[in-house]
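First comes the structure, then the notes that go with it.
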Amino acid sequence: MQKMGIIESVTEPTDWVSQMVIVGKKDGSLRICLNPQPLIRAIKREHFPFPTIEEISAKLSGAKYFCKLDAQSGFWMLPLDKTSSKLCTFQTAWGRYAFKRLAFGLNCAPEIFHRVISQTFENIENVLSFQDDILLWANSKEELQSIL
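148 is the number that full-length UniProt numbering gives to position 148 of the sequence shown; each next residue is one higher, with no gaps.
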């Protein structure tokens with residue numbers, strides 16, 4: 001993750017140091033997450049609403065062709081500013097590191113990611129995001145391909 005530019009080594013003092021949690025993924029690989037319980041209580045969330053199942057169903061009504069894009073590790077596409085990065089410092093056996101990109105485990109991360117994806121695709125018909133998935137739909141293959 002350090003070579004990918006997701007995290008960086010931290011040597012200076014920081015206000016917050018979280019524990020690291022390793023979570024197994026469906027494919028058997030591992031995901032490194034923060035366990036920032038004290039930080040979570042201090043985070044100011046932006047509350048960008050997710051669509052409800054009813055809203056999604058209404059939009060998909062009558063569509064015959066669908067495409068789901070999985071924004072795998074999509075949080076890592078969103079850079080953190082220096083202040084936020086230092087708040088995302090975590091401890092390992094090899095030292096302390098800070099996320100340079102949006103980290104899994106933050107209670108505000110899904111809403112931030114959803115807002116960015118929604119704003120990115122807001123002017124494209126028949127596209128919506130939910131969590132880390134992007135759903136496209138159309139009435140024909142040709143129409144779906146033009147959206148893609």
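Each residue gets a CB set at the ideal place from its N, CA and C atoms; glycine is no exception.
None of the values given here were measured: they were computed from a predicted structure.
*Assign Thr83 to buried or exposed, taking buried as 16 or more other Cβ atoms, counted over all protein chains shown, within 10 Å of its Cβ.*
The residue given as residue 83 occupies position 83 in the sequence shown. By the C-beta density criterion, Thr83 is exposed, having fewer than 16 other C-beta atoms within 10 angstroms.
_Top-ranked residue by Cα proximity to Ile32, from Trp76, Ala63, Ile22, Ile53_ = In the sequence shown, residue 32 corresponds to position 32, counting from 1. Nearest C-alpha to Ile32: Ile22.
*Counting only runs that start and end within the UniProt domain "Reverse transcriptase" (4 to 148), where is the beta strand (DSSP E) found for 3 or more residues in a row?*
Secondary structure within the UniProt domain "Reverse transcriptase" (4 to 148): the beta strand (DSSP E) runs of 3 or more consecutive residues, fully enclosed, are 7 to 10, 18 to 24, 30 to 35, 65 to 70, 89 to 92, 95 to 99, 127 to 130, 133 to 138 (chain order).
*Buried/exposed call for residue 154, threshold 16 Cβ in 10 Å*: A query on residue 154 cannot be resolved here, the shown segment of the chain reaching from 1 to 148 and no further.
_C-alpha distance - Ala103 paired with Thr120, whole-angstrom precision_ = Taking the sequence shown and counting its residues from 1, the one referred to as residue 103 is at position 103. Taking the sequence shown and counting its residues from 1, the one referred to as residue 120 is at position 120. The alpha-carbon atoms of Ala103 and Thr120 are separated by roughly 20 Å.
*Do you know how far the Cα of Leu60 is from the Cα of Ile124?*
Here the question's residue 124 lines up with position 124 in the sequence shown. Here the question's residue 60 lines up with position 60 in the sequence shown. Computed Cα separation, rounded: 15 Å.
*Are the stretch 39 to 50 and the stretch 137 to 146 touching, with three or more C-beta to C-beta distances below 8 Å?*
No contact exists between the stretch 39 to 50 and the stretch 137 to 146.
*asked:* On the criterion of 16 or more Cβ atoms from any shown chain inside 10 Å, does Trp94 qualify as buried, or is it exposed?
replied: Within the sequence shown, numbered from 1, the residue matching residue 94 stands at position 94. With fewer than 16 Cβ atoms within 10 Å of its Cβ, Trp94 is classed as exposed.
_Let me check understanding here. Comparing Cα to Cα, which of Val127, His114, Ile147, Glu142 lies closest to Phe50?_
Here residue 50 corresponds to residue number 50 of the sequence shown, with the count starting at 1. Minimum Cα-Cα distance from Phe50 among the listed residues Val127, His114, Ile147, Glu142 corresponds to His114.
_Ile53 classed as buried or exposed, judged by whether at least 16 other C-beta atoms fall within 10 angstroms_ = As a working mapping, residue 53 is identified with position 53 in the sequence shown. Counting of Cβ neighbours within 10 angstroms places Ile53 among the exposed residues, the total staying below 16.
*Residue nearest to Lys117 in terms of C-alpha spacing, selected from Asp132, Leu106, Gly105, Lys68*: As a first step, residue 117 must be located in the sequence shown, where it is residue number 117. Contrary to the premise, residue 117 reads as Ile rather than Lys in this sequence. For Ile117, the closest alpha carbon among the candidates Asp132, Leu106, Gly105, Lys68 is that of Asp132.
*Looking only at its own chain, which residues have a Cβ that is under 7 Å from the Cβ of Pro110, when we skip the five neighbours before and after it?*
For the purposes of this step, residue 110 is taken as residue 110 along the sequence shown, with counting starting at 1. Within the same chain, Pro110 has close Cβ partners Gln131.
*asked:* As a quick exercise: from Leu106, Tyr65, Ala98, Lys68, pick the residue whose alpha carbon is nearest that of Gln2.
replied: In the sequence shown, counting from the first residue as 1, residue 2 sits at position 2. Closest in C-alpha terms to Gln2, from the list Leu106, Tyr65, Ala98, Lys68, comes Ala98.
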